[in-house]
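Those sequence lines, one after another, are chains A and B. Reading the first sequence from the start, the letters are residues 1 to 306 in full-length UniProt numbering. Reading the second sequence from the start, the letters are residues 1 to 235 in full-length UniProt numbering. A virtual CB, placed ideally from N, CA and C, is assigned to each residue, including glycine. It should be emphasised that the depicted structure is a prediction, and the values quoted were computed from it without experimental measurement.
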Amino acid sequence: MDTMRDRFAPVVSRLLDEDPRVAVVLAEIGRDGFREAERRHPDRVINVGIREQLLIGTAAGLALTGLRPVVHTFASFLVERPFEQVKLDLGHQDTGAVLVSAAASFDWPAGGFTHMAPGDVALLDTLDGWTVHVPGHPDEAETLLHHAIAAGDDKVYVRLSVQSNRQGRVIDGQHFVTAREGRSGVVVAVGPVLDAVLAATEGMDVTVLYATTVRPFDAAGLRRATETAGTDVVLVEPYLAGTSTAAVSEALSDVPHRVLGLGVGRRELRRYGTIEEHVAAHGLDAASLRERIGRFVGAGLLPAGR
Amino acid sequence: MTLTADQSRTYGYDDLPRLMGLMTGDEKHGPAATSTLDVLWVLYDRVLRVAPERRDDPARDRFLLSKGHGPMAYYAVLAAKGFVPVDWLPGFGAYDSPLGHHPDRVLVPGAEIGSGSLGHGLPIAVGTALGLRAQDRPDPAVWVLVGDAELDEGSNHEAIAFAGPAGLDRLHAVVIDNSSASHALPGGIAARFRAAGWSAVTVDGRDHEALYAAFTAPHPGRPHVVVARVEPKNA
Numbered sequence: 001m002d003t004m005r006d007r008f009a010p011v012v013s014r015l016l017d018e019d020p021r022v023a024v025v026l027a028e029i030g031r032d033g034f035r036e037a038e039r040r041h042p043d044r045v046i047n048v049g050i051r052e053q054l055l056i057g058t059a060a061g062l063a064l065t066g067l068r069p070v071v072h073t074f075a076s077f078l079v080e081r082p083f084e085q086v087k088l089d090l091g092h093q094d095t096g097a098v099l100v101s102a103a104a105s106f107d108w109p110a111g112g113f114t115h116m117a118p119g120d121v122a123l124l125d126t127l128d129g130w131t132v133h134v135p136g137h138p139d140e141a142e143t144l145l146h147h148a149i150a151a152g153d154d155k156v157y158v159r160l161s162v163q164s165n166r167q168g169r170v171i172d173g174q175h176f177v178t179a180r181e182g183r184s185g186v187v188v189a190v191g192p193v194l195d196a197v198l199a200a201t202e203g204m205d206v207t208v209l210y211a212t213t214v215r216p217f218d219a220a221g222l223r224r225a226t227e228t229a230g231t232d233v234v235l236v237e238p239y240l241a242g243t244s245t246a247a248v249s250e251a252l253s254d255v256p257h258r259v260l261g262l263g264v265g266r267r268e269l270r271r272y273g274t275i276e277e278h279v280a281a282h283g284l285d286a287a288s289l290r291e292r293i294g295r296f297v298g299a300g301l302l303p304a305g306r
Numbered sequence: 001m002t003l004t005a006d007q008s009r010t011y012g013y014d015d016l017p018r019l020m021g022l023m024t025g026d027e028k029h030g031p032a033a034t035s036t037l038d039v040l041w042v043l044y045d046r047v048l049r050v051a052p053e054r055r056d057d058p059a060r061d062r063f064l065l066s067k068g069h070g071p072m073a074y075y076a077v078l079a080a081k082g083f084v085p086v087d088w089l090p091g092f093g094a095y096d097s098p099l100g101h102h103p104d105r106v107l108v109p110g111a112e113i114g115s116g117s118l119g120h121g122l123p124i125a126v127g128t129a130l131g132l133r134a135q136d137r138p139d140p141a142v143w144v145l146v147g148d149a150e151l152d153e154g155s156n157h158e159a160i161a162f163a164g165p166a167g168l169d170r171l172h173a174v175v176i177d178n179s180s181a182s183h184a185l186p187g188g189i190a191a192r193f194r195a196a197g198w199s200a201v202t203v204d205g206r207d208h209e210a211l212y213a214a215f216t217a218p219h220p221g222r223p224h225v226v227v228a229r230v231e232p233k234n235a
């Protein structure tokens, strides 16, 4: 199967042809996919070299002249390294851009920690006004890229990953989708963790919500799910564990609730290897998830636990 | 928004000390009190094609104040040119004043960027020049003002090294050099820009005719920097 990133350059290249507002800004990484687009639109496909502060500053300048910049590199160099540019050149300047990252939390485990960005979404959470899309399949990535670029001058982050579910779902760029219904807990599966969550909760009486847009957080969708499934909520996120715990607490602030935030651990593993090995090391494989979700939801069912 | 409380009168260079005094309560502001005053005046009075009623005109020139601290001279010039009402000046720094100790583009009419954190203006100016070029607007000039010590920030060097080879000939930088960098750029400021393919001129930052000549010097195919030398900050 192709990857989300394989879809990125073709989708955005088509939008460059169709929409004169669209511009692409790169810092070497990802340039190959845009060679043809660069020939057709030399002024709107801009490679600034390996200069990530300039990458974001350039996007802000383009936006100030009325363009819609689409900015791409690995998540660690897109959000973490130039974070103050993201905060000021886009946020404080009141401009917008679409930041599209690759490499995610551990897409290239053999590349080591320098190319891992499990904290990207949590960092963006310190800022106001960001939309965050986390597709779980290449088809969803296409849909969400279209939503992101069409979103006026909004600040939008699209987190592409090699990790993917086997099939894409119908998503609308805003709401959670109900993947399974139950009565004893809600599991929110974000993006590419859905297959593992569905396998983990097989036979369990829980509702599974599938989230591909996590900011703004679909609080109404979560509340609706809790009406039949109760207010024990498990988050399974493909980035830093607990990133959306506060969003769940806010959504359920007026009712008693419990939240378990699962995701990538903070501790640096200092391991290479494969994606599967890192999924397992962070307890995000189906067997580990089943054990952790089962224990949490089961504890909620015990009279002593209430 | 009311742009100016007294559009009937015109302000000149000699009014700037008094306008600055409205912000600081100090009546005796000579030009030496602020390193940027003469550069800002010559730009706004004779070079930039900007006007309060053209604030949203896509064909206007862009002036980006990157060195955002000590913005009294900037606000005074904006007031003198009718962008900012003179009666805003005494509120400088107050909670409900649009005029902070660093400018905010959302609050200050005519301010193209907000600044304060150093090293952001030049990269944004590069993007602005690229954006105008991509929209077939070869006419507007993009100007960015930075300080000599601000060039310590690495982000500037990302922008300098890119803009030259990219041939951004509508990009202009003016460096106010008051020798405030603790570790001056080896070889000098102009040489740093020249090495990256810029056109570069160094002039007396208090000499209006020299500044005007430097600002309007042709620089085909290359971005242009004017290094405006003023009294050393710690002399």
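| Asked | Found |
| --- | --- |
| Do Val230/B and Arg192/B have their C-beta atoms closer together than 9 Å? | no |
| CA-CA distance, Leu209/A and Glu250/A? | 17 Å |
| Out of Val39/B, Gly68/B and Val77/B, point me to the one whose CA is closest to Ala51/B's CA. | Val77/B |
| Leaving out five residues on either side along the sequence, give the residues of the same chain with a beta carbon under 8 Å from the beta carbon of Arg223/A. | Ala251 and Leu252 |
| Say whether chain B places a C-beta atom closer than 9 Å to the C-beta of Asp154/A. | no |
| Assuming Gly114/B and Ala60/A form a contact by the criterion Cβ under 8 Å, report the distance between their Cβ atoms to the nearest whole angstrom. | About 11 Å separates the two Cβ atoms, so there is no contact after all. |
| In chain B, which residues lie with their C-beta within 7 Å of the C-beta of Ala23/A? | Ala134 |
| Could you have a look at Val279/A and say whether DSSP puts it in helix, strand or coil? | helix |
| Is the segment 136 to 156 of chain B touching the segment 86 to 102 of chain B in the sense that three or more CB pairs, one from each, lie closer than 8 Å? | no |
| Could you check how far apart the C-beta atoms of Asp107/A and Ser164/A are, in whole angstroms? I think they sit under 8 Å. | Not really, about 10 Å apart at Cβ, beyond 8 Å. |
| Cα separation between Leu240/A and Ala141/B? | 45 Å |
| Taking 8 Å as the limit between beta carbons, can you name the residues of its chain near Ala280/A, skipping five residues before and five after? | Ser288 |
| Going by other Cβ atoms of all chains shown within 10 Å of its Cβ, with 16 needed for buried, is Ala304/A buried or exposed? | Bear in mind that the predicted position of Ala304/A carries a pLDDT of just 42, short of 50, making it too unreliable to give a figure here. |
| Going by CA-CA distance only, name the one from Arg31/A, Phe34/A and Val25/A that's closest to Leu62/A. | Val25/A |
| Does chain B have any CB closer than 9 Å to the CB of Ala37/A? | no |
| Give me the Cα-Cα distance between Met4/A and His208/B, rounded to the nearest whole angstrom. | 57 Å |
| Residues of the segment 42 to 55 of chain A with a CB closer than 7 Å to any CB of chain B: list them in chain order, please. | Asp43, Arg44, Ile46, Val48, Gly49, Arg51, Gln53 and Leu54 |
| Going by C-alpha to C-alpha distance, which of His219/B, Arg46/B and Ala173/B sits closest to Leu151/B? | Ala173/B |
| Could you check which residue in Ala159/B, Tyr95/B, Ala213/B and His183/B has the C-alpha nearest to that of Leu54/A? | Ala159/B |
| Counting contacts by CB-CB distance shorter than 9 Å, is Thr114/A in contact with chain B? | no |
| From this set, Ile275/A, Leu88/A, Gln167/A and Thr226/A, which residue's C-alpha is nearest residue 309/A's C-alpha? | There is simply no residue 309/A to check, as chain A begins at 1 and stops at 306 in what is shown. |
| Taking only the alpha-carbon atoms, compute the straight-line gap between Ala80/B and Asp15/B and give it to the nearest angstrom. | 8 Å |
| Have a look at the DSSP bridge pairing and note the partners of Phe63/B. | Trp143/B |
| Suppose only complete runs of 4+ residues qualify. What are the alpha helix (DSSP H) ranges in the segment 52 to 117 of chain B, listed by chain order? | 72 to 80 |
| Which one of Ala199/A, Thr212/A, Val259/A and Asp218/A has the shortest CA to CA distance from Ala286/A? | Ala199/A |
| Of the residues Ala9/A, Thr212/A and Arg292/A, which one's Cα is nearest the Cα of Gly136/A? | Thr212/A |
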